[in-house]
Amino acid sequence: MTNMMSYGLEIGQMLLALALAPGLVGLVRWLKARLQNRLGAPPWQPYLELRKWLAKDVVMSTNASWIFQATPYIVFGSTVTVTLLVPLIATPIAFDAVGDLLVVVYLLLLGTFFLALAGLDAGTAFGGMGASREMTIAAIAEPTIALSISGLAIGSGSTNLGQILTTTLTDPAAAISPSHFLAFAALFIVVLAETGRLPIDNPATHLELTMIHEAMILEYSGRYLALIEWASWTKFLLFLSLLANLFVPWGMATLVTLPTLALATAAWIGKLILLASAIALLETRVAKLRLFRVPELLSLSFVLALLAVTSSLVLK
Amino acid sequence: MNDLLFSQLSTLVAASVLLFGILLVWRRSLLAYIKVFQWQSTMLTILFAIVAYFGNDPKLYWIGVLLFFLKVIFIPRLLQRFLVQIDVEREVAPYINTATSLVLTGVMVLLAQAMTNPLIRLITLPTRNGLPFAVALIFIGLFVIITRKKAFTQVLGFLVMENGIAMLAVLGTFGIPLIVELGVFLDLLMGFLVMQVFVYQIQGTFESIDVSKLNQLRY
Numbered sequence: 007m008t009n010m011m012s013y014g015l016e017i018g019q020m021l022l023a024l025a026l027a028p029g030l031v032g033l034v035r036w037l038k039a040r041l042q043n044r045l046g047a048p049p050w051q052p053y054l055e056l057r058k059w060l061a062k063d064v065v066m067s068t069n070a071s072w073i074f075q076a077t078p079y080i081v082f083g084s085t086v087t088v089t090l091l092v093p094l095i096a097t098p099i100a101f102d103a104v105g106d107l108l109v110v111v112y113l114l115l116l117g118t119f120f121l122a123l124a125g126l127d128a129g130t131a132f133g134g135m136g137a138s139r140e141m142t143i144a145a146i147a148e149p150t151i152a153l154s155i156s157g158l159a160i161g162s163g164s165t166n167l168g169q170i171l172t173t174t175l176t177d178p179a180a181a182i183s184p185s186h187f188l189a190f191a192a193l194f195i196v197v198l199a200e201t202g203r204l205p206i207d208n209p210a211t212h213l214e215l216t217m218i219h220e221a222m223i224l225e226y227s228g229r230y231l232a233l234i235e236w237a238s239w240t241k242f243l244l245f246l247s248l249l250a251n252l253f254v255p256w257g258m259a260t261l262v263t264l265p266t267l268a269l270a271t272a273a274w275i276g277k278l279i280l281l282a283s284a285i286a287l288l289e290t291r292v293a294k295l296r297l298f299r300v301p302e303l304l305s306l307s308f309v310l311a312l313l314a315v316t317s318s319l320v321l322k
Numbered sequence: 012m013n014d015l016l017f018s019q020l021s022t023l024v025a026a027s028v029l030l031f032g033i034l035l036v037w038r039r040s041l042l043a044y045i046k047v048f049q050w051q052s053t054m055l056t057i058l059f060a061i062v063a064y065f066g067n068d069p070k071l072y073w074i075g076v077l078l079f080f081l082k083v084i085f086i087p088r089l090l091q092r093f094l095v096q097i098d099v100e101r102e103v104a105p106y107i108n109t110a111t112s113l114v115l116t117g118v119m120v121l122l123a124q125a126m127t128n129p130l131i132r133l134i135t136l137p138t139r140n141g142l143p144f145a146v147a148l149i150f151i152g153l154f155v156i157i158t159r160k161k162a163f164t165q166v167l168g169f170l171v172m173e174n175g176i177a178m179l180a181v182l183g184t185f186g187i188p189l190i191v192e193l194g195v196f197l198d199l200l201m202g203f204l205v206m207q208v209f210v211y212q213i214q215g216t217f218e219s220i221d222v223s224k225l226n227q228l229r230y
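Sequences listed follow chains A and X, in order.
Heads up, the first sequence stops at 322 in the working numbering, and the numbers go up one at a time, no gaps.
Heads up, the second sequence stops at 230 in the working numbering, and the numbers go up one at a time, no gaps.
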């Protein structure tokens, strides 16, 4: 019975994440538009985009190989798997035993890797440019994510995400330790880089000189584009949930009953909305960095993550 | 419980003071340097208030207020006026590039942690965990002074180093006597004003505040 419940919870949180991801991105876009005195598309616009793409035909280059066709499914599949591994609303989840934070980080990297391959595959100038830029960023961003979460893992003595959350829940004083603070700063910068947000990549343009994510997926259309965009929105939601739950786990359900789960879902959505507003505010305040400044920003976050790890070791 | 909270809060704020020190290494525009310094000094003031509250030392509030007026309001305002007059906006080419500087900053913090580790094990002050951050901040200030070419940035490095020393004092000894603190502030202000005059002179002679130009004096 409990087994059934916990698997139900897993499926539930996966569906919830997939369903809410477009809305979250739409919310950020809408908030940004309002902050810039524009009317903006309504927050549910991404759902309409998804429906439009799913209804359209796929146009493919004759030079494209099987990689181009397989990539959308790999990207989407790996992201969906991660939604099962990250605790979103309740903390000890059934698949905690299946994958820890390293699995989460490298499953997400798998998607990025195939996306870069697909960008190169069609042989257009933009795809190659986007792929090379994405790899430059991913090469510094991925170890930083692993390192900053390791800073927390050392504190709790486990790389298991559920275990880290439970430790913070039982020992609230740990949440204001310097290693938490530094790891949060590091992870926040990396999340902006990984999800293609503003100081690193501009999600709102197709301007050829600045785009990274958009350049890689320029060749995609129809349902392939729908899958890739949906996956990248879900990735955005997952990263925000990681930020929210790892550092402020309060409000998460520790028991699987209907009222606690409903409360936890509300708390989770509340935290996501707060983070999304923070990002919208940030994006209206800062300008995009020059591409050559991006590795510098990422090395800043790498140093912060490193310090998070060492201070959790030294100050233990 | 109170001691634990004191320890956690003071270490957290000390870490945020250090964070602004690292940001100073990352930023390039001189205006941003002033902003970073202002925020760092604000965090330092908060640290003084925390130590004053939990350490039951009312005179630290006064030092905090003084620090706030001097470092958050007065010096940044002077710096801003200064910036308008010298008409330079960016630190263009430091001796060590930004990415390497950042990595070296990380190494310096590690060094500070290794250095203060024996001390932390020895003493029982609740604020002891913040000590490595204070020492690291002194290193970072020194590093900025050594590796940046613009005299303006070097002045900022000096100010950040001074913040590090103030933080070390407040964390290590819960503040030094008021009269000494006043002396330090006066010293800082005089040092800052003298440096400002120097920078004006460099600017007047070379039409630039790039100190590497001082090498021309040899010929």
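From the three backbone atoms N, C-alpha and C, an ideal C-beta is built for every residue, glycine too.
Since we're looking at a predicted model, the values are computed, not measured.
When CB distances to chain A are screened at a threshold of 8 Å, the residues of the region 116 to 129 of chain X falling below it are 116, 117, 120, 121, 124 and 128, in chain order. Counting only Cβ-Cβ distances below 8 Å, residue 316 (chain A) has contacts in chain X at 120, 121 and 124, in chain order.
At least one CB atom of chain X sits nearer than 8 Å to the CB of residue 305 (chain A). Taking a Cβ-Cβ cut-off of 8 Å, the neighbours of residue 20 (chain X) in chain A comprise 182, given in sequence order. Annotated three-state conformation of residue 103 (chain A) is helix, per DSSP. In this structure, the straight-line span from the alpha carbon of residue 190 (chain X) to that of residue 75 (chain X) is close to 14 Å.
For residue 128 (chain X), the enclosing alpha helix (DSSP H) starts and ends at 109 to 133. Taking a Cβ-Cβ threshold of 7 Å, the residues of chain A close to residue 110 (chain X) are 301, 302 and 305, in chain order. Between residue 131 (chain X) and residue 175 (chain X), the alpha-carbon positions lie close to 17 Å from each other. For the 8 Å CB-CB criterion, residue 93 (chain X) and residue 207 (chain X) form a contact. The continuous alpha helix (DSSP H) containing residue 229 (chain A) extends over residues 228 to 253. Ranking A:145, A:153 and A:180 by CA distance to the CA of residue 161 (chain A) puts A:180 first. At a cut-off of 8 Å between beta carbons, residue 191 (chain A) contacts chain X.
One Cα belongs to residue 294 (chain A), the other to residue 66 (chain X), and the distance between them is close to 44 Å. Residue 240 (chain A) sits away from residue 118 (chain A), with the two beta carbons spaced by 8 Å or more. Here the alpha carbons of residue 142 (chain A) and residue 206 (chain A) stand approximately 12 Å from one another. In the structure shown, the three-state DSSP call for residue 221 (chain X) is strand.
Within chain A, 182, 183, 184 and 187 have C-beta atoms less than 8 Å from the C-beta of residue 23 (chain X), given in sequence order.
Of the other Cβ atoms in all chains shown, fewer than 16 fall within 10 Å of the Cβ of residue 63 (chain A); this residue is therefore exposed.
Straight across, the Cα-Cα distance linking residue 259 (chain A) with residue 165 (chain X) is about 52 Å. Between the alpha carbons of residue 73 (chain X) and residue 197 (chain X) lies a gap of roughly 15 Å. If you draw a straight line from the Cα of residue 171 (chain A) to the Cα of residue 23 (chain X), it comes to about 20 Å. Assignment of residue 57 (chain A) by DSSP, reduced to helix, strand and coil, places it in the helix class. With contacts defined by Cβ atoms closer than 8 Å, residue 106 (chain A) and residue 71 (chain A) do not form a contacting pair. From the listed residues A:234, A:209 and A:186, the smallest Cα separation to residue 76 (chain A) is found for A:234.
Within 7 Å of the CB of residue 97 (chain X), no CB atom of chain A is found; the nearest one sits about 24 Å away.
Following the DSSP letters along the chain, one finds residue 66 (chain A) in no alpha helix (DSSP H), marked with neither H nor E. Around residue 113 (chain A), the same chain offers 84, 87 and 88 as residues with beta carbons nearer than 7 Å, after the five sequence neighbours per side are excluded.
For residue 196 (chain A), there are no C-beta contacts with chain X under 9 Å, since the nearest C-beta of that chain is about 15 Å from it.
In this structure, residue 30 (chain A) keeps its C-beta atom at 8 Å or more from the C-beta atom of residue 193 (chain A). Among the residues facing chain A, residue 114 (chain X) is included, as its CB has a counterpart in that chain under 8 Å away.
Residue 318 (chain A) sits in a helix when the DSSP states are folded into three classes.
Residue-level contact check: residue 33 (chain X) touches chain A, since one or more beta carbons of chain A fall below 8 Å from its beta carbon. By the CB criterion at 8 Å, residue 80 (chain A) and residue 19 (chain A) fall outside the cutoff.
In summary, no residue of the region 242 to 260 of chain A has a CB separated from any CB of chain X by less than 9 Å. For residue 137 (chain A), the three-state secondary structure derived from DSSP is helix.
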